[in-house]
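Trainee: I'd like to ask you about the structure that follows.
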Amino acid sequence: MKNSKNHTNYMNLHISRMSKSALIILAPEGAEETEVIIPGDVLTRGGIQVEYAGLEGKCPKTGMMRPVKCAKGAQIMPSASFDDVKDKKFDIVIIPGGPGSSTLAESSCVGGVLQSQFKSGGLIGAICAGPTVLLKHGIKVDEVTGHYSVKDKLIEGGYKYSEDHVVVSGKVITSQGPGTAFEFALKIVEIMEGAEKAKELVKPLCFKC
Numbered sequence: 001m002k003n004s005k006n007h008t009n010y011m012n013l014h015i016s017r018m019s020k021s022a023l024i025i026l027a028p029e030g031a032e033e034t035e036v037i038i039p040g041d042v043l044t045r046g047g048i049q050v051e052y053a054g055l056e057g058k059c060p061k062t063g064m065m066r067p068v069k070c071a072k073g074a075q076i077m078p079s080a081s082f083d084d085v086k087d088k089k090f091d092i093v094i095i096p097g098g099p100g101s102s103t104l105a106e107s108s109c110v111g112g113v114l115q116s117q118f119k120s121g122g123l124i125g126a127i128c129a130g131p132t133v134l135l136k137h138g139i140k141v142d143e144v145t146g147h148y149s150v151k152d153k154l155i156e157g158g159y160k161y162s163e164d165h166v167v168v169s170g171k172v173i174t175s176q177g178p179g180t181a182f183e184f185a186l187k188i189v190e191i192m193e194g195a196e197k198a199k200e201l202v203k204p205l206c207f208k209c
């Protein structure tokens, strides 16, 4: 009976760990590749299930996802259509930067997901120009960081701007750009899975803190 109880506890812990999930929203064109792939990779290593949702959706003729052309020319095939996952609950919703962030800022559907996530107490992550998407959709936080090119816009919008590489303000995590993507991702893992899990990832990533 004791062994059975221990096995049940192990299974419950295993299921709990596997249940953590992240949604990375991709504009049809212009996402900064490093700000998609690095967070997605690091979160996966941390035991978090990552969904890459394409805003453009599936091709009507083939029913297949359309690849996203990123800012520097790389193409990423989303794992799901945004329409198929927008009503699902994720532990964190992540907004990458790049020119494509302006498309996310203009999408009322993306705004709806962010507002719902924020109101429910879920985590939100945004990197580079991503915080301008939060600003556009009325996500109110005390302090953010972001790419230097959008600093004035964030300040004019009412955010307190920090020069730190990563800023945590309540349930919102922001970061500056491609060069801080690892720090951004590791901070998310730390918040979602604990400091020890994040620390475990540093050596195999060959990341220098």
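For the sequence shown, the residue numbers in UniProt numbering are 1 to 209.
Yeah, the Cβ is synthetic: ideal placement off N, Cα and C, and Gly gets one too.
Within 10 Å of its beta-carbon, does N12 have 16 or more other beta-carbons around it, so buried, or fewer, so exposed?
Mentor: Confidence at N12 is low in this model, with a pLDDT of 44, below 50, so the placement of that residue is unreliable and no value is reported for it.
Trainee: Which ranges does the beta strand (DSSP E) cover as unbroken runs of at least 3 residues, wholly within the segment 72 to 103, from first to last along the chain?
Mentor: Entirely contained in the segment 72 to 103, the beta strand (DSSP E) runs reaching 3 residues are, in chain order, 92 to 95.
Trainee: Give the single residue among Q176, G158, E156 whose Cα lies nearest to the Cα of H165.
Mentor: Out of Q176, G158, E156, Q176 has the C-alpha closest to the C-alpha of H165.
Trainee: Please name the residue in A27, E106, R45 whose C-alpha comes closest to that of K69.
Mentor: It is A27.
Trainee: Exposed or buried, F182, counting other C-beta atoms within 10 Å across all chains shown (16 or more means buried)?
Mentor: F182 is buried by the Cβ-count criterion.
Trainee: Which residue's Cα is closest to the Cα of A129: D142, S120, K171, L104?
Mentor: The shortest C-alpha separation from A129 is found at L104.
Trainee: At the level of alpha carbons, what is the spacing between F90 and S81?
Mentor: In a straight line, the C-alpha of F90 is about 15 Å away from that of S81.
Trainee: How long is the line joining the alpha carbons of S19 and I191, rounded to whole angstroms?
Mentor: Spanning the two alpha carbons is a distance of roughly 15 Å.
Trainee: Between the Cα of I95 and those of C209, M77, H137, G73, spot the shortest distance and give me the residue it belongs to.
Mentor: Among C209, M77, H137, G73, the Cα nearest to that of I95 is on H137.
Trainee: Can you tell me where the alpha helix (DSSP H) holding Q115 begins and where it ends?
Mentor: Counting along the chain, the alpha helix (DSSP H) containing Q115 begins and ends at 108 to 119.
Trainee: Is it buried or exposed for G121, if we count other Cβ within 10 angstroms and need 16 for buried?
Mentor: Burial call: exposed.
Trainee: Quick one: residues in its chain with C-beta nearer than 8 Å to the C-beta of K72, no 5 flanking neighbours on either side, listed in chain order?
Mentor: Closer than 8 Å at Cβ, skipping near neighbours: E32, E33.
Trainee: Have a look at the DSSP bridge pairing and note the partners of Q49.
Mentor: Answer by DSSP bridge pairing, in chain order: S21.
Trainee: Measuring only the C-alpha atoms, how far is K160 from A185?
Mentor: Their Cα atoms are separated by approximately 22 Å.
Trainee: Measure from the alpha carbon of T54 to the alpha carbon of each residue in C109, D142, K208, then state which is nearest.
Mentor: Sequence check: residue 54 is Gly here, not Thr. The option with the nearest alpha carbon to G54 is C109.
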